[in-house]
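Residue numbers (our numbering), protein chains in the order written: chain A, 23 to 187; chain B, 23 to 187.
First up is the structure itself, then whatever we jot down about it.
Okay, here's the thing in structure tokens:
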């Protein structure tokens, strides 16, 4: 076991970002600790949108959802993606101007999409906030990071926002 | 939130080591990813011995525990500490000859001692294996890393042994 290769290789590091300040703090931690100025590592920003809502023609009170409302909701989701990716860009561009960044936007249950993406792209490390939640607080507190820490094969870094503890 | 200080500071990084290969792999990951050759970070190796056994004069079958048995058990515990720290040294000395290393040997329930130590020494990061267990498999599978990820305030890295997944 001791014969582990300690040489740095080019790593693919996924940071799961959402609307929370904690996920932006996790990104900062990642840049400050897993990236150097001359790194060849790739930063993969992963944002998971909630699954497309199944709109019934009538809501519980019997009102019809107009297509305008549906369009507005979809626009809101798309604005959120841009907003989160924009905040992330502000952070990583301060760190280095030539960092290799990939963006992935998934859709579905956050914990499943994160685990699936990490495996699919053969990520070397997953970094995430501990209390990530997004659109409409779609997940129970803490359950996403718990789930991912248990299920992904690569090392998982769980970062807590110092002010939120 | 974006105004996070991205400059590297001198960090105190705790690696919880035990008899498992996974914890040695976690140490390797830590060195390869959180330490550079010219780092000023401090590596803190933390080993937790089980709590001192409360020896009844008689065991369940009514036999007396001789002091020889007790001494042998204590010797075994002390040998384990030396063995684990020795394996760790083999790994970090291959990485760098001038790495700043501290060793802490605690005693008690691993999850409590790890959390307490991390807070006490104001560690910046905790690195541990996901399935750590030690002497007499004293903890339930996975429960130590689960507990620590939830309770310590600093970022926690949970590393899995790639061959054990």
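Backbone N, C-alpha and C define an ideal beta-carbon position, used for all residues, glycine too.
- Cβ-Cβ distances below 6 Å link residue 51 of chain A to 181 in the same chain, with the five nearest sequence neighbours on each side left out; the list follows chain order.
- Collapsing the DSSP output to three states places residue 71 of chain A in a strand.
- If the five residues before and after residue 32 of chain A are omitted, its C-beta is found closer than 8 Å to the C-beta atoms of 62, 63 and 64, all from its own chain and listed in chain order.
- Of all residues in the region 169–180 of chain A, only 171, 172, 174, 175, 176, 177, 178, 179 and 180 come within less than 9 Å of chain B when Cβ atoms are compared, listed by chain position.
- Assignment of residue 145 of chain B by DSSP, reduced to helix, strand and coil, places it in the coil class.
- At a cut-off of 7 Å between C-beta atoms, residue 55 of chain A counts as an interface residue with respect to chain B.
- Scanning its chain for C-beta atoms nearer than 7 Å, with the 5 sequence neighbours on each side dropped, one finds around residue 173 of chain B the residues 137, in chain order.
- For residue 130 of chain B, same chain residues with a beta-carbon under 6 Å away, outside a window of 5 residues either side, are 73 in chain order.
- Taking a Cβ-Cβ threshold of 9 Å, the residues of chain B close to residue 182 of chain A are 174, 175, 176, 177 and 178, in chain order.
- Distances from the alpha-carbon of residue 142 of chain B to those of B/103, B/152, B/128 and B/151 put B/128 closest.
- Under the DSSP assignment, residue 34 of chain A falls in the beta strand (DSSP E) whose first and last residues are 34–39.
- The three-state reading of DSSP puts residue 130 of chain A in coil, since its state is none of H, G, I, E or B.
- The same chain holds no residue with a CB closer than 8 Å to that of residue 116 of chain B once the five nearest residues on each side in sequence are set aside.
- For residue 147 of chain B and residue 106 of chain B, the gap between their C-alpha atoms comes out near 21 Å.
- Under the three-state reduction of DSSP output, residue 136 of chain B falls in the helix class.
- Residue 56 of chain B and residue 36 of chain B do not touch by the CB rule: their CB atoms are close to 11 Å apart, not below 8 Å.
- Residue 104 of chain B sits in a helix when the DSSP states are folded into three classes.
- Around the Cβ of residue 96 of chain A, a 10 Å sphere holds fewer than 16 other Cβ atoms; the residue is exposed.
- In the three-state scheme derived from DSSP, where H, G and I count as helix and E and B as strand, residue 55 of chain A is classed as helix.
- Comparing C-alpha distances from residue 152 of chain B to each of B/144, B/140, B/166 and B/139 shows the shortest one belongs to B/166.
- In the displayed model, residue 64 of chain B falls within a strand according to three-state DSSP.
- For residue 179 of chain A, the enclosing beta strand (DSSP E) stretches over residues 178–181.
- When beta bridges are read from the DSSP output, residue 122 of chain B appears opposite B/64.
- With contacts defined as CB atoms closer than 7 Å, residue 70 of chain B and residue 110 of chain B fail to qualify as a contacting pair.
- Under the DSSP assignment, residue 173 of chain B falls in the alpha helix (DSSP H) whose first and last residues are 165–173.
- Each of A/46, A/178 and A/92 was checked against the Cα of residue 114 of chain A, and the nearest Cα belongs to A/46.
- Contact annotation: residue 179 of chain B and residue 184 of chain A have beta-carbon atoms that are not nearer than 7 Å.
- At the C-beta level, residue 48 of chain B and residue 140 of chain B stay beyond 7 Å of one another.
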